[in-house]
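A.B. asks: Submitted below is the structure of interest, expressed as C-alpha cells.
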Ligand SMILES: NC(=O)c1ccc[n+]([C@@H]2O[C@H](COP(=O)([O-])OP(=O)(O)OC[C@H]3O[C@@H](n4cnc5c(N)ncnc54)[C@H](O)[C@@H]3O)[C@@H](O)[C@H]2O)c1
C-alpha cells in the first residue's frame, strides 16, 4: 500500500482495509451509506463489505450510465438518505465509476449541507482522473457537468483489483485520460504508452500511480481551475460536445471514446496555431488505432458548436481550448474560431 498526499486528503493506492477502518473509527459516524450501481453492487461491494466488518451500512443502488447522472437520480439518493434519517454525522462511500463519484459526492456534499464522503473509484477513468481534484456534479439540460461544486472527499481509495471486472471497452475508455495526462505533462510517458498494442489491465496498473500524480500535481497547483488546471481540459471541449451529442442516440459514446476523438481534433487545432509541429499524425494514428472512429456528419456541426459554446470552460462568447505545444507540454486559454473548429472536425472525419 502506498499513498499520495494532497493538501486536504490522501489518495490510498492498494489495499485499503485498515485505513478505511481507521477513518470509520475516527469519524464515529452515525451511519454509513454506500452508493453503488447494478454492476459495482455485484463486482465490488462484496469485497468492500468484508473490509467494513460489522459496521452497519445502508446500500443505495442507482442505475448505471451517464444518462442517469441527473437531478432525478439525485432525488432518489436524497430520498433514501432522508428515509433513513441521514444527516451531517453520516458518511457516504461512493463505490463506482466517475458517474457515481461525481453524483454521489454531489449528493453527499449537499444533503443537509453536507456529510463526509470517501471516493472509492472502480473504473480506470475514475481512478486516474474523476476521483482526484474535488469536482462533483451532474448533467443538466443536456450539458455535461453543468450543475456541481468543488468539494474534497475525506479520502480516495484506489484498489487496482477492481479493474479486473471492467469490460475491455470501459478499460479502454479510461485509458484516454491516461493518454491525456501524458500528452499534457509527460513526454516520457507518452513515448512509453505508444508502444502498447492493445490496452490490458496490466498496462492500466503500470500507469496508475504516475497518472494520478500528474493529475494531483496540477489540481494542487490550481484547485479551482483559474489557470493551470485548465490543461486537463485538453480534448474535452470538442470531446464533451461529441459525448453530449451522442448521449441520447442509439450509439452513445463512452467518455474516453469521445475524449480520444476530441484530442485528435484539438491536436489538429494546435497544429493550425503553429504549435505541435511534427506530432499530429502520430497522435492521430495512435488514437485511431486504439479507439476507432466515432461517426458524425456535417449535419451535426451546428449542434456541436452550440454545445461547445455552452461549455462552462468559456468565460466569454469565445470557445476556449487547451492546445499542445508538443507532447508533454500544454497551453491553456487558447481560442479557435468557428472555421478552425469546423476544419478540425473535417480533419477527423477524413481520417
Ligand atoms: N470529476 C472529475 O474531475 C471528472 C473527470 C473525468 C470524468 N468525470 C466523469 O466521469 C464519468 C465517467 O466515468 P466512468 O468512465 O468511470 O463511467 P461510469 O461511472 O459510467 O462507469 C462505467 C461502467 O462501468 C461499470 N463499472 C464500474 N466499475 C466497475 C467494475 N469494477 N467492474 C465492472 N463494471 C464496473 C459501471 O457500472 C458502468 O456501467 C463522466 O460522467 C465524466 O463526466 C469526472
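Residue numbers (the numbering used here): 737 to 1087.
Cβ coordinates follow ideal geometry from the N, Cα and C atoms, glycine included.
Here the structure is a predicted model, which is why all the values come from computation and not from measurement.
1) Residue 750 and residue 988: beta carbons closer than 9 Å?
2) Assuming residue 865 and residue 913 are in contact, meaning their beta carbons sit under 8 Å apart, how far apart are those beta carbons, in whole angstroms?
3) Does the beta-carbon distance from residue 792 to residue 832 come in below 9 Å?
4) Are the region 904-913 and the region 935-943 in contact at 8 Å, needing three or more beta carbon pairs?
5) How about residue 998: is its Cβ closer than 8 Å to a heavy atom in ligand 1?
6) Starting from residue 952, follow the alpha helix (DSSP H) in both directions and report where the run begins and ends.
7) Need the endpoints of the beta strand (DSSP E) that residue 739 sits in, please.
8) Are the region 1023-1040 and the region 983-997 in contact at 8 Å, needing three or more beta carbon pairs?
9) Pull up the CB-CB distance for residue 1040 and residue 981, whole angstroms please, since I reckon it's below 8 Å.
10) Can you name the start and end residues of the alpha helix (DSSP H) that residue 842 belongs to?
11) If contacts are defined as beta-carbon pairs under 8 Å, then residue 756 and residue 787 qualify, I think. What distance do you get, rounded to the angstrom?
12) Please tell me whether, using a cut-off of 8 Å, the distance from the CB of residue 991 to the nearest non-hydrogen atom of ligand 1 is below it.
13) May I ask whether a heavy atom of ligand 1 can be found less than 8 Å away from the beta carbon of residue 909?
14) Take residue 1073 as the anchor and find which of 1021, 1020, 1086 and 1002 has the nearest alpha-carbon.
15) If you reduce the DSSP assignment to three classes, tell me which class residue 1069 lands in.
16) So is residue 888 buried or exposed if we call it buried at 16+ other beta carbons inside 10 Å?
17) Jot down the residue ranges of each uninterrupted alpha helix (DSSP H) in the region 760-811, minimum 4 residues, whole runs only, in chain order.
C.D. replies: A quick look at the data gives this:
1) no
2) 4 Å
3) no
4) yes
5) no
6) 937-957
7) 738-741
8) yes
9) 6 Å
10) 834-846
11) 6 Å
12) yes
13) yes
14) 1002
15) strand
16) buried
17) 774-779 and 781-788
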